[in-house]
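Let me begin by presenting the structure, written as structure tokens, before commenting on it.
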Amino acid sequence: MLHILGIRHHGPGSARSVCNALASIQPDCILIEGPPDANSIIAQLQHADFKPPVALLLNTPVQKEVRSQAVFYPFAEFSPEWQALQYALRQQIAVEFMDLPLQHRFALEKQWAEQRLEQASADEQALVDEQEIESNQQGDVEPEQNLEQHYLSIRRDPIQLLAEQAGYQDSERFWEHLVEQQPHAGQMFAAISDAMAALRDYLLSQQPENYSSEDQLLEQYREAYMRKVIKQAEKQGYQNIVVICGAWHAPVLADLKAQNKADTALLKGLPKVKIDAAWIAWTHGRLSRDNGYGAGVQAVGWYTHLWKHYQQALDAEADGEKITIDWLSKFAHALRQAGHDASSAQIIDAVQLIQSLLQLRGRRIPDLEDLFEATRSVLNHGLDIPQPILAKLLEDEQLGQVPDELIELPIQKDFLQQVKHFRLKLEAPHRDISLDLREAFDLAKSQFLHCVKLLGLAWAELAGTGSKQGNFKEVWQLSWQPETSLYLNEMSLWGNSIQLATQSYVEHQIRQCEDVAQIAQLIESILLSGLDQSLNLALDKLNELTTQHQDPSIILATLKPLITAIRYGSVRQFSMQHLHQVVEHLAIRLMLSLPSYCVQLNAEMAQQFAQQLQTLYELLEQLQQDELLQLWQETLQQLLQLEQMQGYLHGCCVRLAREQQLIDVEQTQGFLSRALSIGQTADYSAAWFEGFLTHQALLLIHEQSLWDTVSQWVNQLQEQQFIELLPILARTASSFSPAEAQQLIQKVTQKATAVKQEVGTLDIARAQTVLDEIYAYLQPVAVEV
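The sequence shown begins at 782 in the working numbering and counts up one residue at a time.
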């Protein structure tokens, strides 16, 4: 006998119904919607160390320079498919997946992608003619297009039609109330099949004439293959077969004879590719974020909570009040941990409110909307629930576990061995670790993490380096993502261990690289990863590329990671002699080219390069090589004499020279006066002013002669000139720190007060004498007649 159980993937209510149905039917064979390519590893789930959530990883074999096609089939403890697998293994009965094998699906998808590419080229060829026709036929959308859009909207979410008929706006909530919360398994699956049959008939009636799509064709392939597997199970003599599939497929899997001939013709000659399959650990967070089998579960924490209560009474109705109390207790605890008030009395009030709402709505088990209403009204005083608390409860982040014995690739085994050796954990939540590079164990751990990062594994990210005491500290942020397992598989082509794979992969990148800055970054990463064997190859490539590039900005971008690597050399215990020579050679080339380069820059490029000059000085200070510092000072003196360069850049050079005491206040005053003189354009003076004073208000605060010169320049500006230059002046002032800005304001107000006090020293007695004389002079003269 054939029993078809239509379910919602990852639905705890569906899982409960499946468990009840299996206990009642007691099948001798279970067929599950899933990839038959993984049938050979189902038995591995009997290992005691498996802990959901886990996922099937299926991918095409790894090839160099070619990204694998891959798909994940995740299973949580509350997934109906997981419960069916566990039942079959406990009862020692036959169990298989029955969906269209990925060996065919991947091949079809690749074939369709190539066809789309060819079609796109043909469409592009005809685009001009079509646009000309459309320009003459502007009007309403074609009726056929409206029909197709209506059809696709139904196909995307057919359950929405049933939900609307039942008075629901949300198909998920409709399914939750009428299916997931109902304990009567046998009646429920029959009702689901009837409802889906009606929906499929209606959808077929709405399908536009001659409509065809890849999704529709793929669905036909899948359902034909499912019927094929069911027929094979019957031929093998199984008498009591249970089929567990998505509810949408349930109505079309029972009529095997009517579809036999068509299915055979449809599946004949399907293309195929090779597929590898393995179990990997998964996370609740990925269940909530992914789609499809992934599966877009919006509240994994709530589903876990429901399943815990459903398990306590699989064959009876769940206790809605206990579900409510336990969930609200969790929420109250989370509120308290976050510093909010949440008393026991409030929990009692919230439970009573939810029970009243359920009676009004004719239900026995609450859903999340009911719980949100109560928590918002009672526990959170009418305010919205804090998002961090809500996210933590709903996601309930957990990382599953797969036995180490099932790991097959050498690089995976090496990775796990090193993780254990360095006492690290593959955890889903973010976790920070701090390393002291003076300790040999922490230094080796740092090199391992840098290798992992260099390989591109999405697990370890460097969050910070250095401390107030030195450069010996590193902070890493670790967060395991399931996709890392797939990427680790792909990296196995480069070597059987993390270190060997990283070395081979990096050397491949070096040979392929044509970017100087990228090579410099690779050199820094090589040193941080302890891959000394690859250093000479990278340095040779760097020399080759730098001889082809004369642009100082490119050379400067190259120097930064190299000098950073030298700074950490003593801590990390690697030899710097060769690297020192390369850095010295590049720095000398850079500084010798600066005078001719700077006079060629336009205003925008000059402003950008001024920042790079500041960086160059800081890098040379870190390097502490007297010969290079001396050459820098000589170069800077040359740049000061090139007043034909852009104003911003020249102002920056004068500031750098003053900071390094290469020129005194009087010389600085001379440069400033010339830059702000009447002979210069207002734009040049403003740009020079900005380059000179950006982030350097102290020059104005402590050097009165510079202040006076700037003040005189601003005062002589015409009103229109001042308005035009005001944005530049404001931008310059905005770079000052609040303390510096306050000191400048005080300087201005003190000057105004001094002027006011100077006017206020008037001698009143002497002034009155003058006023009397003026008054007498202005009196009218008497005329005798």
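Backbone N, C-alpha and C define an ideal beta-carbon position, used for all residues, glycine too. The model shown is predicted, which means the values in this text are computed figures rather than measured ones.
Which class does residue i belong to by DSSP, given the choice of helix, strand or coil?
i	result
Gly1018	coil
Ala1076	Note on Ala1076: pLDDT 48, under 50, position unreliable in the model; no value is reported.
Glu1440	helix
Phe1517	coil
Ile1291	helix
Asp1254	What sits at residue 1254 in the sequence shown is Lys, not Asp. Correct three-state label for Lys1254: strand.
Lys1194	helix
Ser1458	coil
Gln1176	Note on identity: in this sequence residue 1176 is Glu, with Gln being the wrong assignment. DSSP places Glu1176 in helix when its eight states are reduced to three.
Met1426	coil
Phe1153	helix
Arg1204	coil
Ala1346	helix
Thr1550	helix
Ala1570	Because the chain here runs from 782 to 1566, residue 1570 falls outside it and cannot be looked at.
Leu1164	coil
Glu890	helix
His1121	coil
Glu1189	coil
Gln1523	helix
Arg1145	coil
Asp818	helix
Pro1333	helix
Pro882	coil
Ala901	helix
Is there a C-beta anywhere in chain B that falls below 9 Å from the one on residue i?
i	result
Gly1432	Chain labels in this structure do not include chain B; a single protein chain is all it has.
Quick one: give me the first and last residue of the beta strand (DSSP E) that residue i is part of.
i	result
His784	Leu783 to Ile788
Glu877	Ala875 to Phe878
Ala1062	Asp1057 to Ala1062
Val1081	Val1081 -> not in any beta strand (DSSP E); alpha helix (DSSP H) instead, spanning Val1081 to Gln1093.
Ala796	Not the beta strand (DSSP E): Ala796 falls in the alpha helix (DSSP H), residues Pro793 to Ile806.
Asp1217	Arg1212 to Asp1217
Have a look at the DSSP bridge pairing and note the partners of residue i.
i	result
Asn840	Ala851 and Asp1057
Val1033	DSSP lists no partner for Val1033.
Ala1241	Leu1259
Leu812	Glu877 and Val1024
Gln1182	Lys832
Phe1583	There is no way to answer for residue 1583, as the model of the chain reaches only from 782 to 1566.
Which stretch, first to last residue, makes up the alpha helix (DSSP H) that contains residue i?
i	result
Lys1568	What is shown of the chain runs 782 to 1566, which leaves residue 1568 out entirely.
Ser1306	Val1297 to Ser1310
Ser1278	It is not in any alpha helix (DSSP H) - Ser1278 carries neither H nor E in the DSSP assignment.
Pro861	Pro861 to Gln872
Arg1142	Ser1125 to Arg1142
Thr1265	Glu1264 to Met1272
Thr1327	Leu1316 to Thr1327
His1231	Ala1221 to Leu1236
Ala824	First-last for Ala824: undefined, no H or E at that position.
Ser1051	Sequence inspection shows Leu at residue 1051; the Ser mentioned does not correspond to that position. That residue, Leu1051, is in no alpha helix (DSSP H); it is neither H nor E in DSSP.
Asp1464	Ala1463 to Leu1474
>> At 3 residues or longer, what runs of the beta strand (DSSP E) sit wholly inside the region 933-1010?
In response: none
>> As an exercise, report each continuous alpha helix (DSSP H) stretch of at least 4 residues that is fully enclosed by the region 1366-1406, in chain order.
In response: 1384-1404
> If you pair each beta-carbon of the region 787-797 with each one of the region 1003-1016, do three or more pairs fall below 8 Å?
Replying inline: no
>> I want to know whether the region 1116-1124 touches the region 985-1000 - three or more CB-CB distances under 8 Å.
In response: no
> Between the region 1447-1464 and the region 1496-1515, do at least 3 Cβ pairs fall closer than 8 Å?
Replying inline: yes
>> Whether or not the region 1171-1188 and the region 814-832 are in contact is what I'm after, with contact meaning three or more pairs of Cβ atoms, one per stretch, closer than 8 Å; do they touch?
In response: yes
> With contact counted as at least three CB pairs below 8 Å, one residue from each stretch, are the region 1012-1032 and the region 974-994 in contact?
Replying inline: yes
>> Tell me whether the region 1296-1305 and the region 1266-1274 touch, counting them as touching only if at least three CB pairs, one residue from each stretch, are closer than 8 Å.
In response: no
> When the Cβ atoms of the region 1357-1372 are set against those of the region 1402-1409, are three or more pairs found closer than 8 Å?
Replying inline: yes
> Should the region 805-813 be called in touch with the region 1158-1170, which here means at least 3 C-beta pairs below 8 Å?
Replying inline: no
> Are the region 1204-1214 and the region 1138-1156 touching by the rule of at least three beta carbon pairs closer than 8 Å?
Replying inline: no
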